[in-house]
Structures are given as structure tokens and as C-alpha cells.
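Just so we're aligned: 122 in the numbering used here is position 105 of the sequence shown, and the numbers increase by one with no gaps anywhere. In this text, a Cβ means the ideal position worked out from N, Cα and C, and glycines have one as well. Since the model is a prediction, treat every value here as computed from it, not as a measurement. Notes follow once the structure below has been shown.
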Amino acid sequence: MKYSCFFILVVAALQSCLLAVNGCPNIVSRSEWGARSPSGSKFMSTPVDYFVVHHTAGASCSDISSCSSVMRGIQNYHMDSNGWWDIGYNFLIGGDGNVYEGRGWDTTGAHAGVAEYNTNSIGVSMMGEFSSSMPTQAALQALDDFVTCAITMGKLVPDVYAVLGHQDVKSTSCPGTLFYLDHVQQMTNYNGPSLEECIQ
Ligand SMILES: [Zn+2]
């Protein structure tokens, strides 16, 4: 009995240690959310320089079932209406605090609207509309953790990488004013235009 308790403690300690080292939040795979196969793809060389934050400006969700449904809807829209090869973002984050795999780490996205960023960034979108409300605390934590995860995985250049909001690279209201001001601009290594540059 004593030995089995000790074993359980060791396993639990190892698991929490691995999570801390890896720094990655839970990632729901494409097969888990029921993704269609992409109709094409273009390899993206990593590590990339940029981490671009979006919001979907659509439905929010609060568990794996509802977030998976939102994911399938976005993928259908991007493929069937926009004519893209796949869902545009590399990853998305639900109100449940899970990260949902979009195109993944090594595939060029269709999210920034600017080729030089699509080919050199991880594009991550928060599921919901955040111009006047904030994502859940779980989603915000997952976003912050996911940057660490990207660095640990060797997908984002350490130290000199830049976090940007979509509106820092293109004229758009994305990722939503409140979320952009209250969180994205406060993230480590945020490197959008300075206030001085905006005024000029
Ligand atoms: Zn966007």
C-alpha cells in the first residue's frame, strides 16, 4: 500500500514536471474536433518570427463539444465560401481554455491577409467576438501559455520573437478593441507600433 502511494506520487510529480517544462496547454487535435482533410497545403519553415493574435468575431464556446462544432463551422466557411485549402488559422483557442489545432505548426496559414506574415507567423484566433468583452480567464491563460509552448517546441524564435495583434499588420478591427488593448498589448514581447508611431 505504501509503495503504491509512493508510485502514484512519483507519477503525479513527473506529469506536472513535464507539463511545466513543455509549457503547453491542452491541444485538441484535428481528428478530435472532426476536421475535414485540407484540399492543399504549403510547408512553413520554423521557427518563425511572429505570433499573430486574432479573434474569430463569431460564436464563443465553453466546452469541447461546442468548440468543436464552432471549429467545423469555421473550417466549412473558410473552405467552401472563401475557397481556402483549410481553416485559415494555425491554432484557435476556445472559451474552455483548450487550444484547437487548425493548420498546425508547420503549415503556412491564411489569416494575416499579408503574405510575409502568413509565411512567418503562428496565427492564433480566440473563438468569439472581443471588441467590447474579454475572452474567459481560461482562454487568456491558454493564449499566454501557448506562446511559451511555441518557443519550447522550437516553432517560435526565442527572445526576439514579436507578438502582434492582427490590426498591427493590416487594417482591421481584429482581434477586437477591448481584448487588443487590455491583453494583447500587455503580452510579453508585444511589438506593435508604438503610440508615437501611431500619432505621426
Ligand atoms: Zn484577424
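Residue i - DSSP class collapsed to helix/strand/coil
| i | result |
| --- | --- |
| residue 38 | Because residue 38 carries a pLDDT of 45, less than 50, the predicted location of this residue cannot be relied on, and the following value inherits that uncertainty. Correct three-state label for residue 38: helix. |
| residue 128 | coil |
| residue 61 | coil |
| residue 186 | coil |
| residue 199 | helix |
| residue 81 | helix |
| residue 31 | Residue placement at residue 31 cannot be trusted, given a pLDDT of 46 that sits under 50; what the coordinates show is reported in the next sentence. The answer is helix: DSSP assigns residue 31 an H, G or I state. |
| residue 90 | helix |
| residue 104 | coil |
| residue 217 | At residue 217, the pLDDT of 41 sits below 50, so the modelled position is not reliable; the number obtained from the coordinates is stated separately. Coil. |
| residue 18 | Legend: pLDDT at residue 18 = 43, less than 50; position of this residue unreliable, value from coordinates given subsequently. Note: residue 18 maps to coil in three-state DSSP. |
| residue 147 | coil |
| residue 167 | helix |
Rounded distance between the beta-carbons of residue j and residue i, thought under 8 angstroms
| i | j | result |
| --- | --- | --- |
| residue 186 | residue 69 | 7 angstroms |
| residue 139 | residue 173 | 6 angstroms |
Closest Cα partner of residue i within the set the options
| i | options | result |
| --- | --- | --- |
| residue 142 | 102, 40, 172 and 77 | 77 |
| residue 191 | 167, 58, 121 and 145 | 145 |
| residue 171 | 94, 203 and 67 | 67 |
| residue 228 | 42, 147, 137 and 80 | No answer is possible for residue 228: it lies beyond the span of the chain, which begins at 18 and ends at 217. |
| residue 46 | 84, 194 and 160 | 84 |
| residue 8 | 51, 158 and 183 | An answer regarding residue 8 cannot be provided, because it is not within the stretch 18 to 217 covered by the chain. |
Check whether residue i and residue j have beta carbons under 7 angstroms apart
| i | j | result |
| --- | --- | --- |
| residue 59 | residue 153 | no |
| residue 55 | residue 103 | yes |
| residue 156 | residue 110 | yes |
| residue 89 | residue 107 | no |
| residue 193 | residue 95 | no |
heavy atom of ligand 3 below 6 angstroms from residue i C-beta
| i | result |
| --- | --- |
| residue 137 | This structure lacks ligand 3; its bound ligands are ligand 1. |
Q: Please list, following the chain, all residues that have a C-beta closer than 5 angstroms to any non-hydrogen atom of ligand 1.
A: 71, 183 and 191
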